[in-house]
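Asks: Below is a structure I'd like to ask you about.
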Amino acid sequence: MYRPLVFALACLACGASHASSLGEKCIGRAPGLADSLTARDYVNANRQLGPIMDSMFSPDTLKLNWEGMLHEDGAYQSHGAPYMVQDDGKDAFVRVPLKFARRTNTMQIVCSEDSGGQIDSLSFF
């Protein structure tokens, strides 16, 4: 019960409470990407990625990664609200908890000022 409070306080200390316009854009992008992945709409998920990421994570690669998580972690159940991890105005790191039958994973996206706020990094852990 105290973990969320401790984590929230840690985020405040790293500046997460003062999201830049980049951070706000990035938080706004995260739910759409999570929704596309959970709906298994890999083409739409790929379209939401920035120019570097869309070539690295083709629809087939997204499908392979998502299906691998389903195989390892069980059926997808839900995802939580996106939250800011770090935002220095140049790069914004946003995470979304993804609940599966056997465990909860985290999707992290990074949006960069250099790309106009597009998703420049995508990872799951």
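Take the sequence shown: its letters are residues 868 to 992, numbered as in this note's numbering.
Every residue gets a Cβ at the ideal spot worked out from N, C-alpha and C, and that includes glycine.
#1: Within its chain, find whatever has a CB closer than 8 Å to the CB of residue 971; leave out the 5 residues flanking it on each side and keep chain order.
#2: I believe residue 904 touches residue 937 by the beta-carbon criterion, under 8 Å. Please report the beta-carbon distance rounded to the nearest angstrom.
#3: Which residue spans inside the segment 911-990 form an unbroken alpha helix (DSSP H) run of at least 4?
#4: Within the chosen definition, does the segment 917-934 reach the segment 945-963 through at least 3 CB pairs nearer than 8 Å?
#5: Using only CA atoms, which one of 939, 897 and 908 lies nearest to residue 969?
#6: Report the residue from 931, 982, 987 and 976 whose alpha carbon sits nearest the alpha carbon of residue 845.
Replies: Reading from the atomic positions:
#1: 964 and 965
#2: Not confirmed; about 11 Å, so no contact.
#3: 918-923 and 926-940
#4: no
#5: 939
#6: With the chain covering 868 to 992 only, the question about residue 845 has no answer from this structure.
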